[in-house]
Amino acid sequence: MSIRLGDEAPDFVAETTSGTLSLHEYLGDSWGILFSHPKDFTPVCTTELGAFASRKAEFDARGVKLIGVSVDDIDSHNGWIGDIEETQGTALNYPLIADPERVVAGLYDMIHPNANDTLTVRSVFVIGPDKAVKLILTYPASTGRNIDEILRVVDSLQLTANYSVATPVNWTDGDDVIIGAAVSDEDARSKFPGGWTTVKPYLRVLPQPNK
Ligand code: BEZ
44 MSIRLGDEAP
54 DFVAETTSGT
64 LSLHEYLGDS
74 WGILFSHPKD
84 FTPVCTTELG
94 AFASRKAEFD
104 ARGVKLIGVS
114 VDDIDSHNGW
124 IGDIEETQGT
134 ALNYPLIADP
144 ERVVAGLYDM
154 IHPNANDTLT
164 VRSVFVIGPD
174 KAVKLILTYP
184 ASTGRNIDEI
194 LRVVDSLQLT
204 ANYSVATPVN
214 WTDGDDVIIG
224 AAVSDEDARS
234 KFPGGWTTVK
244 PYLRVLPQPN
254 K
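Oh and the sequence shown: position 63 is 106 in the numbering used here, straight run, nothing missing.
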């Protein structure tokens with residue numbers, strides 16, 4: 044059974060490069076991002092792990108804890124992280140789960156047999172402080188992820204969790220936002236006393252409320 048938005052992120056206990064941990068305990072009250080890598084000692088994965096490490100401060104600033112998973116074992120991971128540091132210029136600074144039994148991969152439906160029947164695809168799960176899954180991305184092994192896009196959706200998720208707004212196409216933090224479709228004009232007047240621009244009755248635009 045695959046995971047859907049709003050489902051509780053399945054908990055697990057796993058061996059990682061930072062010791063054995065439970066996902067839910069590791070995340071605590073923070074936001075989290077669980078992301079899978081098909082295999083150790085592979086080129087795209089090496090660049091991705093390095094990029095997540097070098098930009099960890101941007102995730103920290105948003106209260107987001109990172110955790111990666113790859114189906115190889117802990118000895119393999121410990122060998123690979125030396126290569127990541129050497130080639131990407133950054134030490135691994137978040138846990139990387141060893142998942143040789145495919146427990147995490149199975150729980151999160153990260154193996155897509157029509158792509159590869161033993162390796163995971165590149166999944167991203169953004170998990171909220173309530174442990175609910177807020178966003179799911181799935182990339183093939185041949186396409187590395189975009190850290191800017193992952194930070195952008197975290198910004199949108201965190202904004203829309205706190206304000207009755209939605210973010211339009213290509214929005215980035217600081218751009219104008221849209222009043223959520225479920226909010227009546229009457230409710231909007233009390234929520235957004237500074238007003239908004241009505242482009243269409245269903246398209247009401249206003250400056251980002253927390254800026
Ligand atoms: C890579 O990271 O480059 C990769 C991993 C598994 C399959 C194909 C590519």
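We put the CB at the ideal spot given by N, CA and C, even for glycine.
1. So what's W123 in DSSP terms, helix, strand or just coil?
2. Could you check the C-alpha separation between S207 and L70 for me, to the nearest Å?
3. Using a Cβ-Cβ cutoff of less than 8 Å, which residues in the same chain neighbour T90 once the five nearest sequence positions on both sides are dropped?
4. Could you tell me if S113 is buried or exposed, where buried requires 16 or more neighbouring beta carbons within 10 angstroms of its beta carbon?
5. Pull up the DSSP beta-bridge partners for L139, would you.
6. Assign G62 to one of two classes, buried (16 or more other C-beta atoms within 10 Å of its C-beta) or exposed (fewer than that).
7. In this structure, does DSSP put Y151 in helix, strand or coil?
8. Is A224 a contact residue of the ligand BEZ, with contact defined as CB to any heavy atom under 6 Å?
9. Counting along the chain, where does the beta strand (DSSP E) carrying K174 start and finish?
10. Leaving out five residues before and five after F55 in sequence, what residues of the same chain have Cβ atoms less than 8 Å from its Cβ?
11. Expressed to the nearest angstrom, what Euclidean distance is found between the alpha-carbon atoms of A224 and P143?
12. Using alpha carbons as the reference points, say which of Q251, E229, Y182 lies closest to V244.
13. Taking 6 Å as the limit between beta carbons, can you name the residues of its chain near T181, skipping five residues before and five after?
14. Under 8 Å Cβ to Cβ from T215, same chain only, skipping five residues before and after it: list those, please.
15. Which one of I110, I76, T60 has the shortest CA to CA distance from V176?
16. Quick check on this structure: which residue in N213, I221, V107, G93 has the alpha carbon closest to the alpha carbon of T240?
17. For P172, which residues of its own chain have a beta-carbon under 7 Å away from its beta-carbon, when the five flanking residues on both sides are left out?
18. In chain order, what residues of the same chain have a beta carbon less than 6 Å from the beta carbon of P234, not counting five sequence neighbours either side?
The relevant details are as follows:
1. helix
2. 26 Å
3. Q131, G187
4. buried
5. DSSP, once it has assigned bridges, lists G111 as partnering L139.
6. exposed
7. coil
8. no
9. First-last for K174: undefined, no H or E at that position.
10. S65, L66, V146, V147, L150
11. In a straight line, the C-alpha of A224 is about 45 Å away from that of P143.
12. As written in the sequence, residue 244 is Pro, which differs from the Val given in the question. P244 has its Cα closest to that of E229, out of Q251, E229, Y182.
13. V164, S166
14. R195, D198
15. If we check each option's Cα against that of V176, I76 comes out closest.
16. I221
17. Correct list, in chain order: D72, S73, W74.
18. Rather than Pro, the amino acid found at residue 234 in this sequence is Lys. Here the set comprises S207.
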